[in-house]
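Chain order of the listed sequences is A and B.
Just so we're on the same page, this note's numbering is the position in the first sequence counted from 1, plus 857.
Just so we're on the same page, this note's numbering is the position in the second sequence counted from 1, plus 857.
C-beta atoms are modelled at their ideal positions from N, C-alpha and C, and glycine is treated no differently.
It should be emphasised that the depicted structure is a prediction, and the values quoted were computed from it without experimental measurement.
Remarks on the structure that follows.
Protein chains: 2
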Amino acid sequence: MKTTPTILLLGAGRSATYFIDYLAKVVQKNGWRFIIAENNASIVYQKAMQYPHLEVVQLNTSDTEQTFAWIKQTDVVVSLLPPSLHSSIAHMCLEAQRHLLTASYLPAEIQHLDSKVQEKGLLFLYEMGLDPGIDHLSAMQMIDKIKKQSGEILSFASFCGGLIAPEYIAGNPWGYKFTWNPQNVVLAGQGGIAQYKEQNKVRYVPYQQLFKRIQPIYFENLGEYEAYYNRNSLLYTKAYGLQNCSTIIRGTIRMKGFCEAWHALIQIGLTDHTLLIENVNQLTYRQFLESFFPPSTLPWQERLAKYLDLPLNHPTIQKILWLGLHEDEPIPLTQGTPAQILQTRLEQKWQLQPQDKDLILMQHQITYKQENKQHQVIAELMLKGENQVFTAMAKTVGLPLALAAELLLENKIQTRGVKIPCFAEIYENILPLLAKHGIEFQEKSLTKQRLSEID
Amino acid sequence: MKTTPTILLLGAGRSATYFIDYLAKVVQKNGWRFIIAENNASIVYQKAMQYPHLEVVQLNTSDTEQTFAWIKQTDVVVSLLPPSLHSSIAHMCLEAQRHLLTASYLPAEIQHLDSKVQEKGLLFLYEMGLDPGIDHLSAMQMIDKIKKQSGEILSFASFCGGLIAPEYIAGNPWGYKFTWNPQNVVLAGQGGIAQYKEQNKVRYVPYQQLFKRIQPIYFENLGEYEAYYNRNSLLYTKAYGLQNCSTIIRGTIRMKGFCEAWHALIQIGLTDHTLLIENVNQLTYRQFLESFFPPSTLPWQERLAKYLDLPLNHPTIQKILWLGLHEDEPIPLTQGTPAQILQTRLEQKWQLQPQDKDLILMQHQITYKQENKQHQVIAELMLKGENQVFTAMAKTVGLPLALAAELLLENKIQTRGVKIPCFAEIYENILPLLAKHGIEFQEKSLTKQRLSEID
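Pasting the structure below:
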């Protein structure tokens, strides 16, 4: 007896809007089932209200018995839960023999399940969002194309950022608002020393240099942005087939000036996540800030300038003052680390407004040798969101997952095992579909002549 | 039947020389037993050769059965083992009902054993070395004396450093050599954000500021040194009875200019202890250093100056070049973190030579109000070592422990429970004995008039 093809979504937070929206239509058309399981089910009722055929269930995944029962009822499990919860979900999917799709980074312990997952005819597809996700799909397509034409890749650099469209940042000197998990933004770079490769040598960038040792990046019609090194760029050397490539860089894009000011917050100590401070609700932001400085009676603008060794009107000073950390407002936390306290303030100041449009930027820069000539190809993605809910971030994270789930149920993806989307079958199928939804790269190629001109 | 009073020393490394030397004579005079248990027993045979009545045994403390058997034979256990091994030793001492003395920091989990230790009539005395140790003894004596005279303590600052006598640092621009565990020096400050109190406010100093936000400290006849904040200065607020004191600072002393150069090593990333690098023996120090910099063909002096934003001939640049991290010598490690690799080089460059004399400096600064006048009292300890083996470090760490063991066996210390040496009985007994061995503080007092003159 053939049962109805069923998709189970675990977790329906910020980045689930497009995923739900797209699959709701697909399952209706195909007569499939779509179950959305979320601990805070009320947020889903809103998102799913116009789709009465969706099944919304309240589920706390720490209730493993109930979670397993739901997984058992489905064909494809998609998890948008926090990465820390994925390990138990993956093991349940293996036992229940269900496919698993997620946008989270692939941990080594799951990679080790590869042969077991293959044996059972399953696909565990990790890193299937934006970054990681669309970056893999698009980069691999470029790399494979160059190799097929006997090109030898000399350098590979890939940048991505979840930003705000320039016309919506007026009055916000940071040029940044939260479009995904704020904690990840505040703790960026604390997972370990960043690594990349340049001139055939592995290079390390410690946290205290990360937002200082930045590089400019240009987008046509938008202008100059900047990028900091993103984690360990070398993790994908083998997956991308870049073992002979002398430069490998992955970076995160921010508006010009952001990194220098964030570097100042790090220098002050405000991003520390090791010290738990108690009774924080008895402090104001000013008292919190004060504790990172030697005593002084100077106004805060002067104190900051002096401590950071910057001119009084430096844009970094203006950015920090704009956050109002020197104001006597109570901190809405009972206890927290400096990073968590900073985050409460940033969430007030960097909140996406209802009509704000976010902006996803991605750029791959590849130089390669072909027939004794050096070439460069640059591929760019620029995508604006629609508003506070239908963000470009939610679209670029949710749509690759939704499309992969659809293709799996249609048997259009045959690859099995524990994977990240670095194989031809996935980018050949997904990229054209993403393009139909406006997620499309523009490529420009330069020959060596042209290169030397712009150097 | 009364058995022979017996002392067991666990671990006989660098700081055990004075301890063994002193107690060897005491036990001979008193007809006691003294057992030295060490995993690497050969290092003890050298130290104990002239004392045939000492019992030296080979013991690996991971062999808990044998360790327990040795503990059971003794009255007082003194541990100079690494702190990580102390937890199991403490529990064995509790079960065997034996006193325990150590120079290590008192962990919270041992503090919790206090009532059990008291019930059994035992003393577990932690932090009984130099710093922590002699700092507690001497500070508590000063604090109690001021309080007895109805003085109200306004500020308390205490500094200590294990240095090298000025006449033995010629040619070493860092003015520093290792006289204790090199790893502790390399990782200093990485245990968590430093904390102190000033103007009645808790102040935090993150690692990236620790060696920058330093303060000068003067010693008569020696001149100016500098100090960085030492861990959490507020841990001793209650033990010292300083709850109403508006300023509490503990600092570590270094030669002038050391901290700025160490700060540069931190900025570069060379003290990182999170990244394990494999096959390090295939690298030279230059290749290791290179990996922390962007590519460049400039000479290293210029690269360092540019990267650190310092003049070409800045003393910090000279200090780093003197370490020879830019030289093409192989690294004597198969794998290691940047901190461990740096340590191998420092151990070559900062090695104590046979005739070198080390220098212990300690200074307490207390201001207090008495009869409506403000007073300041400064107490200083300056102690030079004799040579590479009989260092002032070994003396100031070992002698307080040896004296405490002696006094315990003579029933001259009645205090029981889990303690650090912040109680009158211990400093009243120990400080005069330390003075007899040349470990003596000089005090000078200033009244407010005098204070305002030197301000």
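Starting from the C-beta of Leu1011(A), find all residues in its chain whose C-beta is less than 8 angstroms away, skip the five residues before and the five after it, and write them out in chain order.
-> Numbered from its first residue, the first sequence carries residue 1011(A) at position 154. Closer than 8 angstroms at the Cβ level, and outside the excluded window around Leu1011(A), lie Cys1102, Ser1103, Thr1104, Thr1224, Tyr1225, Lys1226 and Gln1231.
Can you tell me where the beta strand (DSSP E) with Gly1080(A) in it begins and where it stops?
-> Mapped onto the first sequence, residue 1080(A) falls at position 223. Element bounds for Gly1080(A): Gly1080 to Tyr1086.
Taking only beta-carbon positions, decide if Pro1063(B) is within less than 8 angstroms of chain A.
-> Residue numbering aside, residue 1063(B) sits at position 206 when the second sequence is read from its first letter. Answer yes: the Cβ-Cβ gap between Pro1063(B) and chain A drops below 8 angstroms somewhere.
For chain B, is any of its Cβ atoms less than 8 angstroms away from the one on Asp1312(A)?
-> Along the first sequence, read from residue 1 onward, the residue named residue 1312(A) stands at position 455. Below a pLDDT of 50, predicted positions are generally treated as unreliable, and Asp1312(A), at 42, falls in that range; the measurement from the model is reported next regardless. No, because no Cβ of chain B sits closer than 8 angstroms to the Cβ of Asp1312(A).
If you run the structure through DSSP and keep just helix, strand and coil, what is Met906(A)?
-> Residue 906(A) sits at position 49 when you count from the first residue of the first sequence. Reduced to three states, the DSSP call for Met906(A) is coil.
Return the CA-CA distance between Trp1119(A) and Asp988(A), expressed in angstroms with no decimal places.
-> Taking the first sequence and counting its residues from 1, the one referred to as residue 1119(A) is at position 262. Taking the first sequence and counting its residues from 1, the one referred to as residue 988(A) is at position 131. So the alpha carbons of these two residues sit roughly 21 angstroms apart.
Can you pull the DSSP bridge partners for Val884(B)?
-> In the second sequence, residue 884(B) corresponds to position 27, counting from 1. In DSSP, Val884(B) forms no bridge with anything.
Step through the CB atoms of chain A and report whether any lies within less than 8 angstroms of the CB of Glu1055(B).
-> Locating residue 1055(B) in the second sequence gives position 198, where the first residue counts as 1. Output row for Glu1055(B): interface = yes.
Quick one, which residues of the stretch 1190 to 1221 of chain A are near chain B if we go by CB-CB under 7 angstroms, in chain order?
-> none
Which class does Leu872(A) belong to by DSSP, given the choice of helix, strand or coil?
-> As a first step, residue 872(A) must be located in the first sequence, where it is residue number 15. According to the sequence shown, residue 872(A) is Ser rather than Leu. The answer is helix: DSSP assigns Ser872(A) an H, G or I state.
If we ignore side chains and look at the alpha-carbon of each, how far apart do Glu1297(A) and Glu966(B) end up?
-> Here the question's residue 1297(A) lines up with position 440 in the first sequence. Here the question's residue 966(B) lines up with position 109 in the second sequence. Distance between the alpha carbons of Glu1297(A) and Glu966(B) is about 58 angstroms.
So is Lys1176(B) buried or exposed if we call it buried at 16+ other beta carbons inside 10 Å?
-> What you label residue 1176(B) is simply residue 319 of the second sequence in a count that begins at 1. Lys1176(B) comes out buried.
In whole angstroms, what separates the C-alpha of Tyr1033(B) from that of Ile1026(B)?
-> In the second sequence, the residue the question calls residue 1033(B) occupies position 176. In the second sequence, the residue the question calls residue 1026(B) occupies position 169. Roughly 7 angstroms between the two C-alpha positions.
Using the DSSP secondary-structure output, state which residues sit across from Pro1187(A) in a beta bridge.
-> For the purposes of this step, residue 1187(A) is taken as residue 330 along the first sequence, with counting starting at 1. Paired residues: Thr1141(A).
Answer yes or no: do Leu1020(A) and Leu1216(A) have a C-beta to C-beta separation smaller than 8 angstroms?
-> As a position in the first sequence, residue 1020(A) is number 163, starting the count at 1. As a position in the first sequence, residue 1216(A) is number 359, starting the count at 1. Yes; because the gap between Cβ atoms is below 8 angstroms, this pair is in contact.
To which residues of the same chain is Ala1251(A) closer than 6 angstroms at the C-beta, ignoring the five residues directly before and after it?
-> Taking the first sequence and counting its residues from 1, one reaches residue 1251(A) at position 394. So the qualifying residues of the chain are Ser872, Thr874 and Tyr875.
Got a sec? Which residues, its chain only, sit under 8 angstroms from Ala953(A) by beta carbon, not counting five neighbours each side?
-> As a first step, residue 953(A) is located in the first sequence; it is residue number 96 there, counting from the start. Cβ neighbours of Ala953(A) beyond the five flanking positions: Phe925, Ile928 and Lys929.
Have a look at Leu1240(A), Gln1052(A) and Leu1067(A) and flag the residue whose alpha-carbon is nearest the alpha-carbon of Tyr1061(A).
-> Residue mapping note: residue 1061(A) aligns to position 204 of the first sequence, counting from 1. Looking at the Cα atoms, Gln1052(A) is the closest of the given residues.
Distance, Lys1214(A) Cα to Gln1205(A) Cα = Within the first sequence, residue 1205(A) is the residue found at index 348, counting from 1. Within the first sequence, residue 1214(A) is the residue found at index 357, counting from 1. Distance between the alpha carbons of Gln1205(A) and Lys1214(A): 18 angstroms.
To the nearest angstrom, report how far apart Thr861(B) and Val933(B) are at their CA atoms.
-> Along the second sequence, read from residue 1 onward, the residue named residue 861(B) stands at position 4. Along the second sequence, read from residue 1 onward, the residue named residue 933(B) stands at position 76. Computed Cα separation, rounded: 12 angstroms.
Who are Asp1215(A)'s beta bridge partners in DSSP?
-> Here residue 1215(A) refers to the residue found at position 358 of the first sequence. The partner list for Asp1215(A) (beta bridge, DSSP) reads Ile1021(A).
Taking 8 angstroms as the cut-off, decide whether the C-beta atoms of Pro1039(A) and Leu1203(A) are in contact.
-> Along the first sequence, read from residue 1 onward, the residue named residue 1039(A) stands at position 182. Along the first sequence, read from residue 1 onward, the residue named residue 1203(A) stands at position 346. Going by C-beta atoms, Pro1039(A) is nearer than 8 angstroms to Leu1203(A).
Range of the contiguous beta strand (DSSP E) that encloses Gly1255(B) | As a working mapping, residue 1255(B) is identified with position 398 in the second sequence. First-last for Gly1255(B): Ala1249 to Leu1266, but that is the alpha helix (DSSP H), not the beta strand (DSSP E).
Does the distance from the C-beta atom of Leu866(B) to that of Leu937(B) stay below 8 angstroms?
-> Within the second sequence, residue 866(B) is the residue found at index 9, counting from 1. Within the second sequence, residue 937(B) is the residue found at index 80, counting from 1. Yes. Within cutoff.
Report the neighbours of Glu1147(A) on chain B: residues whose CB is nearer than 7 angstroms to its CB, in chain order.
-> As a working mapping, residue 1147(A) is identified with position 290 in the first sequence. Here the neighbours are Lys1058.
Determine the chain A residues that contact Gly1080(B) at a beta-carbon separation under 9 angstroms, and present them in chain order.
-> In the second sequence, residue 1080(B) corresponds to position 223, counting from 1. Within chain A, no residue comes near Gly1080(B); the closest Cβ sits about 24 angstroms away, beyond 9 angstroms.
Assign Glu1310(B) to one of three DSSP states: helix, strand, or coil.
-> Reading the second sequence from its first residue, position 453 is the one you call residue 1310(B). The predicted model places Glu1310(B) with a pLDDT of 48, which falls under 50 and marks its position as unreliable; any figure quoted below should be read in that light. Three-state DSSP puts Glu1310(B) in a helix.
Is there a Cβ from chain A that is less than 8 angstroms from the Cβ of Gln1066(B)?
-> What you label residue 1066(B) is simply residue 209 of the second sequence in a count that begins at 1. Interface residue, yes.
Closest by CA to Glu1135(A), which one among Gly1049(A), Leu1258(A), Leu1190(A) and Phe1280(A)?
-> Working through the first sequence from its first residue, we reach residue 1135(A) at position 278. Among Gly1049(A), Leu1258(A), Leu1190(A) and Phe1280(A), the Cα nearest to that of Glu1135(A) is on Leu1190(A).
Consider the Cβ of Leu1161(A): report whether some Cβ of chain B lies at a distance smaller than 8 angstroms.
-> Here the question's residue 1161(A) lines up with position 304 in the first sequence. For Leu1161(A), the answer is no, since every Cβ of chain B falls outside 8 angstroms of its Cβ.
Residues, ordered as in the chain, of the stretch 1131 to 1142 of chain B that lie near chain A by beta-carbon distance below 7 angstroms | Thr1131 and Leu1132
Quick one: which chain A residues come within Cβ less than 7 angstroms of Gly1049(B)?
-> Walking along the second sequence from the start, residue 1049(B) turns up at place 192. Within 7 angstroms Cβ-Cβ: Thr1131 and Leu1132.
Verify whether the separation of the beta carbon atoms of Thr838(A) and Leu1146(A) is less than 8 angstroms.
-> There is simply no residue 838(A) to check, as chain A begins at 858 and stops at 1312 in what is shown.
Hey, does Arg1107(A) have any beta-carbon neighbour from chain B nearer than 8 angstroms?
-> For the purposes of this step, residue 1107(A) is identified with residue 250 of the first sequence, where counting begins at 1. So no, Arg1107(A) is outside the interface.
Regarding Gly1046(A) and the ligand FAD, is the C-beta to nearest heavy atom distance less than 7 angstroms?
-> Because no ligand of any kind appears in the structure shown, any question about the ligand FAD cannot be addressed here.
Buried or exposed: which applies to Tyr1316(B), given that a residue is buried once 16 or more other Cβ atoms fall within 10 Å of its Cβ?
-> In the structure as shown, chain B starts at 858 and stops at 1312, and residue 1316(B) therefore has no counterpart that could be examined.
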